[in-house]
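Protein chains: 2
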Amino acid sequence: MPELDHVGIAVPNLTEALEHWRPLVGSPASGPEEVPSNRVRVVFLSVGGTHIELLEPTEPGSPVARFLSSRGPGVHHLAFRVPSVDRALAEVAERGGQLVDRVARPGARGRRVGFAHPTSFGGVLVEFVEGP
Amino acid sequence: MPELDHVGIAVPNLTEALEHWRPLVGSPASGPEEVPSNRVRVVFLSVGGTHIELLEPTEPGSPVARFLSSRGPGVHHLAFRVPSVDRALAEVAERGGQLVDRVARPGARGRRVGFAHPTSFGGVLVEFVEGP
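So the sequence lines, in the order shown, correspond to chains A and B.
Take the first sequence: its position 101, counted from the start at 1, is 726 in the numbering used here, and no numbers get skipped.
Take the second sequence: its position 86, counted from the start at 1, is 711 in the numbering used here, and no numbers get skipped.
Next comes the structure, spelled out in structure tokens:
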């Protein structure tokens with residue numbers, strides 16, 4: 626059974642977002658880190674055995690910038706830790722689900738990641754993160 | 626530091642939603658349970674140390690029904706486990722944040738719960754759940 630690695634939250638500005646979250650969850654566990662493949666700058670906050678990832682877009686027109694324009698700040702994706710991202714993506718496709726990524730690509734924290742399409746999980750954008 | 630108790634996902638229909646989530650996360654950890662105070666029927670799925678809560682509205686016009694009408698299915702709230710819901714809500718108010726509930730009320734699984742307003746956490750609806 627996969628664990629919830631993190632909840633990704635789209636924010637217009639990391640510094641302002643940290644002012645909202647820090648009183649509740651404390652200091653960043655890592656970051657800020659720039660993730661060129663997703664055109665975001667991110668910070669991870671520890672919340673028990675999982676994390677909150679705050680995502681600030683680094684470019685207008687990038688997926689997170691477009692999410693912010695259309696829906697405003699809020700939860701952007703749920704990320705599950707799996708032994709193999711390629712296999713997790715293939716399993717979604719085998720069940721007839723749609724994918725954003727057909728194979729893993731580099732993500733934050735040096736991990737291999739891949740996204741399924743929100744239609745595959747009833748409207749929720751799901752990321753797979755490779756790790757133990 | 627509070628732990629992430631669960632991620633609440635609004636769905637039009639629990640049975641159909643479970644078809645999306647069960648291949649990834651396995652069988653329900655609890656439920657279905659009707660929560661009259663929130664006018665929802667819920668199921669909890671274990672994902673490592675935290676949970677996914679699927680929320681199906683039981684009445685048109687209820688908050689989750691209105692969320693589904695305006696935004697479609699997706700992540701509805703993040704819930705953090707705290708020693709005292711009343712104290713957690715008071716701390717949000719002391720920082721100038723807005724609340725949905727001023728004091729705790731009965732929630733799912735026999736727990737005391739309370740919601741802060743999304744503006745208090747940069748657009749994310751945050752629930753506090755009382756527990757160890």
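All residues carry an ideal CB built from backbone N, CA and C; glycine is no exception.
Model, not experiment: these values are computed from the prediction.
According to DSSP, residues forming a beta bridge with GLY651/B: Here residue 651/B corresponds to residue number 26 of the second sequence, with the count starting at 1. According to the DSSP secondary-structure assignment, GLY651/B is paired through a beta bridge with no residue.
List the residues of chain B whose Cβ lies closer than 8 Å to the Cβ of THR640/A, in chain order. Here the question's residue 640/A lines up with position 15 in the first sequence. Within chain B, no C-beta atom comes nearer than 8 Å to that of THR640/A; the closest sits roughly 11 Å away.
Shortest alpha-carbon distance to VAL650/B belongs to which of ARG664/A, PRO731/A, VAL738/A, ALA704/A? Numbered from its first residue, the second sequence carries residue 650/B at position 25. The alpha carbon of VAL650/B has as its nearest neighbour, out of ARG664/A, PRO731/A, VAL738/A, ALA704/A, the alpha carbon of ALA704/A.
With which residues is GLY633/A paired in a DSSP beta bridge? As a position in the first sequence, residue 633/A is number 8, starting the count at 1. DSSP lists GLU678/A, HIS702/A as the beta-bridge partner residues of GLY633/A.
Take ARG737/A and list the residues in its own chain whose beta-carbon comes closer than 6 Å to its own, dropping the five residues that flank it on each side. Against the first sequence, residue 737/A aligns to sequence position 112. These residues qualify, in order along the chain: VAL710, ALA729, GLU755.
Should PRO731/A be flagged as near chain B, meaning a C-beta pair shorter than 9 Å? Residue numbering aside, residue 731/A sits at position 106 when the first sequence is read from its first letter. PRO731/A does not count as touching chain B.
Mind checking if THR675/B is an interface residue toward chain A, Cβ cutoff 9 Å exclusive? Here residue 675/B is taken as the residue at index 50 of the second sequence, counted from 1. Interface residue, yes.
Would you report the Cα separation of ALA713/B and GLY721/A, rounded to the nearest angstrom? Stepping through the second sequence from its first residue, residue 713/B is reached at position 88. Stepping through the first sequence from its first residue, residue 721/A is reached at position 96. So the alpha carbons of these two residues sit roughly 43 Å apart.
Cβ pair GLU678/A, PHE669/A closer than 9 Å: Indexing the first sequence from 1 puts residue 678/A at position 53. Indexing the first sequence from 1 puts residue 669/A at position 44. Cβ atoms of GLU678/A and PHE669/A: closer than 9 Å.
Span of the alpha helix (DSSP H) holding GLU692/A? Residue 692/A sits at position 67 when you count from the first residue of the first sequence. Contrary to the premise, residue 692/A reads as Phe rather than Glu in this sequence. Counting along the chain, PHE692/A sits inside the alpha helix (DSSP H) bounded by residues 688–696.
What does SER671/A pair with, by DSSP beta-bridge criteria? Reading the first sequence from its first residue, position 46 is the one you call residue 671/A. In DSSP, SER671/A forms a bridge with HIS676/A.
Smallest Cα separation from GLY697/A: which of MET626/B, LEU629/B, VAL751/B, THR744/B? Against the first sequence, residue 697/A aligns to sequence position 72. Per the C-alpha coordinates, the member of MET626/B, LEU629/B, VAL751/B, THR744/B positioned closest to GLY697/A is THR744/B.
Return the CA-CA distance between LEU643/B and LEU750/A, expressed in angstroms with no decimal places. Here residue 643/B refers to the residue found at position 18 of the second sequence. Here residue 750/A refers to the residue found at position 125 of the first sequence. Cα-Cα distance, rounded: 16 Å.
Neighbouring residues, chain A, relative to SER671/B (Cβ below 9 Å): As a first step, residue 671/B must be located in the second sequence, where it is residue number 46. In chain order: MET626.
Determine which residues of the stretch 687–706 of chain B have a Cβ less than 9 Å from any Cβ of chain A, and write them out in chain order. Listed by position along the chain: ARG696, GLY697, PRO698, GLY699, VAL700, HIS701, HIS702, LEU703, PHE705, ARG706.
In whole angstroms, what separates the C-alpha of GLU762/A from that of SER662/B? The requested residue 762/A is not part of the displayed model; chain A covers only 626 to 757.
Give the secondary structure of ALA729/B by DSSP, where H, G and I count as helix, E and B as strand, and everything else as coil. As a working mapping, residue 729/B is identified with position 104 in the second sequence. In the three-state reduction of the DSSP assignment, ALA729/B falls in the coil class, being assigned neither a helical nor a strand state.
Sort out for me which residues DSSP pairs LEU724/B with in a bridge. By one-based count along the second sequence, residue 724/B stands at place 99. According to DSSP, which records beta bridges pairwise, LEU724/B is partnered with ALA741/B.
Is the shortest distance between the beta-carbon of GLY747/A and the beta-carbons of chain B less than 9 Å? Walking along the first sequence from the start, residue 747/A turns up at place 122. True, the Cβ-Cβ gap to chain B drops below 9 Å.
Return the chain-ordered list of same chain residues with a C-beta closer than 7 Å to the C-beta of HIS631/B, the five sequence neighbours on each side being excluded. Here residue 631/B refers to the residue found at position 6 when the second sequence is read from its first residue. So the qualifying residues of the chain are PHE669, THR675, HIS676, ILE677, GLU678, ALA704.
Please list the partners that VAL725/A has in chain B, where partner means a Cβ-to-Cβ separation under 9 Å. In the first sequence, counting from the first residue as 1, residue 725/A sits at position 100. Near VAL725/A there are no residues of chain B at all, since even the closest Cβ is about 16 Å away, more than 9 Å.
Leaving out five residues on either side along the sequence, give the residues of the same chain with a beta carbon under 7 Å from the beta carbon of ALA635/A. Numbered from 1 along the first sequence, position 10 holds the residue referred to as residue 635/A. Within the same chain, ALA635/A has close Cβ partners LEU680, VAL689, PHE692, LEU693, PRO698, GLY699, HIS701.
Span of the alpha helix (DSSP H) around VAL710/B: Counting from one through the second sequence, the residue named residue 710/B turns up at place 85. VAL710/B -> alpha helix (DSSP H) spans 710–719.
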